[in-house]
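Numbering (my numbering), first residue to last: 1 to 318. Heads up, the beta-carbon is just placed ideally off N, CA and C, and yes, glycines get one too. Source: prediction; values computed, not measured. Okay, so here's the structure we're looking at.
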Amino acid sequence: MYNIKWVGGIAVLLDNLKILFDPVKLAPFRPDFILVTHAHRDHFKKEVLESYRDIRVYMSEPTARILYGHQIPDYVEIVENGVEFKGVEFKLYDSGHVIGGKSVLINSDEKIFYTGDFCSSVRIILEPLKEIKTDILIIEATYGAMPYIFPNRRRLYKNLIKKVAYYVDTLGYAIVGARSLGTAQEVIALLSNTKRKFNLYVDPKVYKMTRIHFEYDYVKADYEKCPSFKPCIKEGVYITGMENALKLRKKGYEVIICTGLSATWNDFNSLTLSSHEDLNGLINYVVRSKAEKVYTVYGFKRDFAQILKNMGIKARQI
Ligand SMILES: [Zn+2]
């Protein structure tokens, strides 16, 4: 028997084991096993992990590096491919979302698979999440609603290179905004490997994430750290996080923004380049998993559960 619910993190309660994934709040029970799937802020809270220090907290090495640098606390247990805990096997797969991102298969009486945030499309960085057959599927639904259908990646890549070249040719520079961990590294890898050579400048946060990323997932890339847009860019491309990109837009700069959210923006300068699957990708993943029961979590979890139910799939949001 199992019970799956949202408790400020995802609780998977088995007869003999209380599992907690990605906690941002203290759970109303004492977990036996905790795992952080990746280093995005909506999937962990350091104070919460700290208060579980007498319990092991599992995460991949890149995730721990991003969270703690080289001072990884004792209660963090590094895990790469899997671990057995009280007779239950946890198998980990690369989620294709960000460096160190993991999806988890729990081999109990039923197979329970939690995707975490994931991408199963082929990108210039990372390996896509594999197709996993499971009985129960817990799937993220960040873009699990109708407007979020993205063009294929080749088209997005071509479009991004074209836009960047246009601004470099007309203004001498282009500014690209993307999430600091996940999409920014894709932009850097792409623009480092085009026929045309661009000088790439990245903000300090993106620089830190990118250094860690390419340490574990090597892609040839040339880029320089640049504290802020104005002082150091001569001719080239400035790559920055979303928050800063939006600020620069407000100041009147032309900024190319890469995010799935832009599917609803109707904005010429934005691209739906994302480290998440779009609605079609999510549906395909569910169908291929052959899961008997699907739990949706994050983002458009309600809409996505309804879409699945309309297709005759047993689904519910948590
Ligand atoms: Zn994420």
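- Only residues of its own chain outside the window of five on either side were considered, and among them G177, D203 have a CB closer than 6 Å to the CB of T240, listed in chain order.
- In this structure D117 is not in contact with H213, their Cβ atoms being roughly 15 Å apart against a cut-off of 8 Å.
- With respect to T115, I149 sits apart: the two C-beta atoms are not nearer than 8 Å.
- Linking L92 to K130 through their CA atoms gives a straight-line distance of about 11 Å.
- Excluding five sequence positions before and after L190, the CB atoms of its chain that fall closer than 6 Å to its own CB belong to I124, Y157, given in chain order.
- Just so you know, the alpha carbons of I99 and Y2 end up roughly 30 Å apart.
- At least one heavy atom of ligand 1 lies less than 7 Å from the C-beta of V98.
- Residues lining ligand 1 by the Cβ criterion, that is a Cβ closer than 5 Å to any of its heavy atoms, are H40, D117 in chain order.
- By the neighbour-count criterion, in which a residue is buried when 16 or more other Cβ atoms sit within 10 angstroms of its Cβ, R211 is exposed.
- Taking 8 Å as the cut-off, the Cβ atoms of S95 and H43 do not count as close.
- Between P31 and I4, the C-beta gap is not smaller than 8 Å, which leaves the two residues out of contact.
- L261 sits away from A145, with the two beta carbons spaced by 8 Å or more.
- DSSP, read as helix, strand or coil, puts R196 in coil.
- Counting only the Cα atoms, I283 lies some 37 Å from R53.
- Annotation for C258: the continuous beta strand (DSSP E) segment containing it runs 256-258.
- Only residues of its own chain outside the window of five on either side were considered, and among them none has a CB closer than 7 Å to the CB of N310.
- When A291, I233, L273 are compared, the shortest CA-CA separation from T134 is found for A291.
- The DSSP-derived three-state label of K158 is helix.
- A Cβ-Cβ distance of about 10 Å is found for the pair V7 and V24, leaving them out of contact under the 8 Å criterion.
- Across the structure, C232 and R154 are spaced so that their CA atoms are roughly 31 Å apart.
- Note that the stretch 262-271 does not touch the stretch 217-237; fewer than 3 beta-carbon pairs, one per stretch, sit closer than 8 Å.
- When DSSP states are grouped into helix, strand and coil, D169 belongs to the helix group.
- The beta carbons of G172 and E224 sit no closer together than 8 Å.
- Scanning the stretch 28-61 from its first residue to its last, the whole beta strand (DSSP E) runs of 3-plus residues come out as 33-35, 57-59.
- For the set G87, E127, C226, the Cα lying nearest the Cα of S108 is the one of G87.
- In this structure I175 is in contact with I256, their Cβ atoms being roughly 7 Å apart against a cut-off of 8 Å.
- Secondary structure at Y216: helix, using DSSP grouped into helix, strand and coil.
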